[in-house]
Amino acid sequence: MTSLTSTMRVAIAAESFFPRVNGVSNSVAHVVKHLKSEGIAAEIIAPGLYPGSEFHGTPVHRVRSVNLPGVHDFDISMTTTSSIITTLEKFQPTLVHLASPFVLGSRVMQACRILDIPTVAVFQTDVAGYARHYGLSSMSFIADGIVRRIHSSATLNLAPSTSAQKYLQGLGISQPLLWGRGVDHEVFNPEQRSETLRSSWQADNKIVVGYCGRLAPEKGIGMMKYLQGDSRVKLVIIGDGPDRKNLEILLPNAIFTGRLTGHELGSAMASLDVLIAPGELETFCQVIQEGMAAGTPVIAPAIGGPLDLISHEVNGLLYPPGDAAEMVRQVDRLVADADLRNEISGVAHDRVQSRTWSALGRELVGHYQSASRGLLLPAAA
């Protein structure tokens, strides 16, 4: 531990946190665990008045929130800047990490500017893209403005992929740095594959093609309906979310596992033969890395975060966004060719071995240190 980290106190303002399960809450959880391992004091600020005031020994300060109609699995902060100031003054952070800042993040950024606290803003959610997806063009413009205002005020900005980096640069944010995600290799590895689990899926003589993640319209899971007529394939949907009932109707022969965590999730992922990540609004797409670590070949659209993770026909397969016919063709290639599945999954597995949460955690703490020095040292230093 350096002299700077020994005195470091990090407040993490998470736009979403457990019990909500998504990329933001999952990454914040790993960050908190790493900070604890380094002896760095932390506190989480998150929306949603849920029971429980800590996570792995780290205090969780909950702020008042509401749910938007039709967005029942996401909490929208209703807190004030003055309330955040009170919270920060009590914890006395030396730095604030804003995880996917938007509504809560706006208030926290205002408070940090007033209190002169350095900030690291981590872009994670393409809110403007979501607005466009749901036909809310005017909201997309507003979302761009909010993101611009938050990130232009940050001491240091981090983006999970080159596409996210370019998006921020397009908003006039100078020099956003890349910070990806790690993988829990104890959970996600080929040894977790279970023939017993596959039998429970009635997939003994089938190629299991699956999806893993939140079940929501913007994830593009509906494209999997075009695979239902293939007698060689068994569809497995891992996860839960607001669109589950619709998907159960759309995919009547698919297995729906519900939400899985830990080694149950790792076993399910490793027991797939092909993983499809069809979402087209992914700023990173963590499930791709987890599938690769589990030894499962991955297919995804050639847009956003997947472009950084997949080299076509090397460690995965890509298809043009929105092209269901090409998606089906890529699935057919893997279904028909066990050697291709093994070749791609082998390369993918090897490439993600260095991507651990420990390594990404150390990298993040380095960014914290840079942000702290950037604010505290003279500009000419």
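Under the working numbering, read the sequence shown as residues 104 to 484, first letter to last. Even for Gly, the Cβ is constructed at its ideal location relative to N, Cα and C.
- In the displayed model, glutamate 192 falls within a helix according to three-state DSSP.
- Secondary structure note for cysteine 215: its alpha helix (DSSP H) is the uninterrupted segment 206 to 218.
- Residue state for isoleucine 358 is assigned as strand, using DSSP reduced to three classes.
- Assignment of alanine 202 by DSSP, reduced to helix, strand and coil, places it in the strand class.
- Per DSSP, the beta bridge partners of serine 168 are Ser180.
- The beta carbon of isoleucine 276 sits closer than 8 Å to those of Arg251, His254, Ser255, Asn260, all from its chain and outside the five residues before and after it, given in chain order.
- For asparagine 260, the uninterrupted beta strand (DSSP E) segment begins and ends at 259 to 262.
- In the DSSP annotation of this structure, the continuous segment of the alpha helix (DSSP H) that includes tyrosine 270 starts and ends at 265 to 273.
- One thing to note: proline 381 has its Cβ no nearer than 8 Å to the Cβ of alanine 405.
- In the structure shown, the three-state DSSP call for histidine 159 is coil.
- If only complete runs of 3 or more residues are kept, the segment 357 to 428 shows the beta strand (DSSP E) at 358 to 361, 377 to 379, 401 to 404, 420 to 422, in order along the chain.
- Between valine 206 and alanine 306, the alpha-carbon positions lie close to 44 Å from each other.
- Shortest Cα-Cα distance from lysine 136 to any of Pro154, Phe158, Ser119 involves Phe158.
- A straight line joining the alpha-carbon of tyrosine 153 with that of asparagine 129 spans about 17 Å.
- Burial state of phenylalanine 226 is buried, judged by a 10 Å Cβ sphere holding 16 or more other Cβ atoms.
- Ranked by Cα distance from serine 186, the options Met242, Val377, Thr197, Ala149 are led by Ala149.
- Inter-residue distance for methionine 111 and aspartate 178 is about 29 Å (C-alpha atoms, whole angstroms).
- A residue is called buried when at least 16 other Cβ atoms come within 10 angstroms of its Cβ; asparagine 125 meets this threshold and is buried.
- With respect to lysine 337, valine 377 sits apart: the two C-beta atoms are not nearer than 8 Å.
- Collapsing the DSSP output to three states places arginine 112 in a strand.
- About 6 Å separates the CB atoms of histidine 164 and threonine 190; that is less than 8 Å, so the two are in contact.
- Where valine 124 is concerned, there is no enclosing beta strand (DSSP E), because DSSP gives it neither an H nor an E.
- Annotation for isoleucine 324: no alpha helix (DSSP H) segment contains it, and DSSP assigns it neither H nor E.
- Per the coordinates, the alpha-carbon of glutamine 268 lies some 43 Å from the alpha-carbon of serine 303.
- Excluding five sequence positions before and after methionine 212, the CB atoms of its chain that fall closer than 6 Å to its own CB belong to Ile253, Ser256, given in chain order.
- Look at proline 279 here: in three-state DSSP terms it is coil, with no helix or strand label.
- Bounds of the alpha helix (DSSP H) holding alanine 246 are 240 to 256.
- Taking valine 417 as the centre and dropping the five residues before and after it, the same chain places the C-beta of Val450 closer than 7 Å to its C-beta, in chain order.
- Judged by DSSP secondary structure, tyrosine 153 falls outside any alpha helix (DSSP H); it is assigned neither H nor E.
- Under the Cβ criterion (8 Å, minimum of three pairs), the segment 108 to 122 counts as touching the segment 194 to 202.
- In the displayed model, lysine 309 falls within coil according to three-state DSSP, outside both helix and strand.
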